[in-house]
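The block underneath contains the structure these notes are about, expressed in C-alpha cells.
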Amino acid sequence: MARIKRSGNRLSIGTWSMPFAPSDVFSKRASRNLTAPLLKDPGTDTASEGSATKKSGPEAADRTLAAKATTKETETRTESEKPGVNSKLTTEESKVEATSQADPVKPSAEKHEGRKPGVKPTTNSLVQLAATITRETEKLDRYIKESGAPAPSFDIDGPLDFPKLPDEIKTAREEIVRATRELGDLVTGPREGVRWMAWDHNNSLSLHAIYHYRIAKSFPVNETASYAQIAEKVGLDEGNVRRFIRHAMTNRIFWEVDSDTVAHTAASRVLAEDVAMDDWVGFCVEDMWPAASQTIHALTTNPSASEPTQTGFCAANNTTDIEPMFATLGASPSRAKRFGG
1 MARIKRSGNR LSIGTWSMPF APSDVFSKRA SRNLTAPLLK DPGTDTASEG SATKKSGPEA
61 ADRTLAAKAT TKETETRTES EKPGVNSKLT TEESKVEATS QADPVKPSAE KHEGRKPGVK
121 PTTNSLVQLA ATITRETEKL DRYIKESGAP APSFDIDGPL DFPKLPDEIK TAREEIVRAT
181 RELGDLVTGP REGVRWMAWD HNNSLSLHAI YHYRIAKSFP VNETASYAQI AEKVGLDEGN
241 VRRFIRHAMT NRIFWEVDSD TVAHTAASRV LAEDVAMDDW VGFCVEDMWP AASQTIHALT
301 TNPSASEPTQ TGFCAANNTT DIEPMFATLG ASPSRAKRFG G
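Spelled out as C-alpha cells, the structure:
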C-alpha cells in the first residue's frame with residue numbers, strides 16, 4: 001500500500017502528487033475536501049478512522065494519523081486567520097501592515113516630521129495663519145489707536161521704530177511677524193523660496209552701493225533729486241545710479257516720483273540720518289559681507305583651518321596667517337570707529 005507523504009506545499013502518494021491547499025487561499029472546508037480523497041485507501045471503509053485501522057492494518061493506521069495531523073493543522077491555520085479569533089495582528093497592526101504593503105517606498109508624514117529635531121512641524125493651514133495674522137493685528141491696531149501711538153508707515157515722516165509695547169501687545173506683534181513669514185514661505189513654495197534665497201546677495205549689493213557712495217546722504221531727506229544730480233554728487237555714471245537705486249526701491253528704500261526724480265522713504269531716511277545704523281550697515285557690507293564670500297575660499301585653501309588668522313575675513317583682507325580680524329580693524333581708525341559704532 002502506498003504511503004502518503006507531505007513535502008512543503010505538496011502531498012504525494014507513490015509517484016503521484018498534487019499541491020496542498022494552504023489555509024490562506026482555501027477555506028477550512030475546501031481543505032478538508034481536497035485532502036480527504038488522498039487519504040482514502042481504495043477498498044477501505046472510511047466511515048470512521050477506527051474501521052479503517054481495523055480493515056487495513058498498520059499502513060492504514062499511519063495514513064489515518066497523517067490525515068488527523070493534516071486536518072488539524074489546516075483547521076488551526078484557518079481558525080487563526082478568522083477576524084477576532086486568535087488573530088496574530090491587532091486591528092491597528094493590520095492597518096500599518098496594509099499601508100506599508102500598499103506603499104512601501106513613500107515614507108509617511110510622521111516619519112518625515114520625526115526627522116526634524118528641534119524644529120516644530122508645520123501644521124498650520126493657510127487659513128489658520130491668515131486668521132492668526134488678523135487676530136493679532138487687530139490687537140496691535142487697537143492698542144495703537146487707543147494709546148495714540150503713531151501708525152506704522154513707509155512714508156518719510158513715519159516712525160522709525162515701534163514704541164515700547166506692553167508684554168501682551170509685544171507678543172502679538174511678534175506673532176504677526178512669525179505668522180506672516182510662515183504664510184509667505186508656504187505660498188512661495190520650497191523651490192521658489194530657495195531660488196530667491198540664493199539671489200538675496202543683490203540686496204546686499206544695492207545696500208553696499210548706497211552706503212559706499214553715500215547715496216542716501218546726497219540730497220536732503222525732505223527734498224527730491226534727479227538721477228543725474230545724484231550721479232554728479234556721488235561720482236557715478238547715471239545709469240549705474242539708476243540701477244542701484246531702483247533695486248533698493250524693491251526694499252522700500254527711496255521711491256520714484258517720476259521717471260527721473262527720486263525722493264526719500266522712511267528706510268532711506270534711516271540711512272541718511274541714523275549714525276549708529278550707518279555704522280552697522282557699513283560694518284556688515286564692507287567688512288562682514290566680503291569675509292563671508294571668502295570663507296569657502298579660505299577652507300578650500302586650508303581644509304583644516306581653525307585659527308583666527310585663517311578665516312574668510314583674513315582671506316578677504318590678505319592677512320591669512322598674519323593677523324586676526326580684530327588686529328586688522330584696530331589698525332584702521334575709521335574701521336575701528338565703525339566697528340565700535
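The sequence shown begins at 1 in UniProt numbering and counts up one residue at a time.
C-beta atoms are modelled at their ideal positions from N, C-alpha and C, and glycine is treated no differently.
Straight-line Cα distance separating residue j from residue i
i	j	result
M277	T311	26 Å
H208	A266	18 Å
A327	N302	21 Å
V85	L183	Residue placement at V85 is poorly supported in this model, since its pLDDT is 42, which falls under 50; the coordinates still yield a value, given next. Each residue's Cα considered, the two are about 51 Å apart.
Y227	N203	20 Å
F154	F244	19 Å
E323	D161	39 Å
F339	V257	35 Å
M249	S304	42 Å
residue 393	V270	This structure gives no information on residue 393, because the portion of the chain shown stretches from 1 to 341.
S332	N317	12 Å
R173	E232	42 Å
E93	K145	Per-residue confidence for E93 stands at a pLDDT of 44, beneath the threshold of 50, marking its modelled position as unreliable; the derived number appears in the next sentence. For E93 and K145, the distance between alpha carbons rounds to 58 Å.
S125	D185	12 Å
T137	E192	27 Å
I253	S268	5 Å
D157	W255	14 Å
I169	N251	26 Å
R142	W289	40 Å
A291	L329	13 Å
M325	V285	15 Å
F219	L236	15 Å
Q294	D200	17 Å
F283	V187	34 Å
P159	A131	27 Å
R135	S147	19 Å
V181	I296	For clarity, residue 181 is Arg in the given sequence; the question names Val instead. Using only the alpha carbons, I get a separation of about 29 Å.
A151	K139	14 Å
E223	S306	51 Å
W196	T171	29 Å
C314	G189	37 Å
Residue i vs residue j beta-carbon contact at 7 Å
i	j	result
A298	V262	no
I176	I133	yes
V127	Y211	no
A272	K337	no
H264	S206	no
I230	V221	no
A149	P166	no
Y213	V194	no
Expected contact under 8 Å - CB spacing of residue i and residue j to nearest Å
i	j	result
R335	D287	7 Å
D279	G341	3 Å
T320	T309	6 Å
A179	L129	5 Å
Residue i - partner residues in DSSP beta bridges
i	result
W255	A263
S226	T261
Extract the residue ranges of the alpha helix (DSSP H) inside the stretch 257 to 341, only unbroken runs of 4 or more that lie entirely within it.
266 to 273, 275 to 282, 289 to 301, 312 to 316, 325 to 330 and 333 to 340
Taking only runs that begin and end inside the stretch 148 to 197, name each unbroken alpha helix (DSSP H) of 4 or more residues, in chain order.
167 to 188
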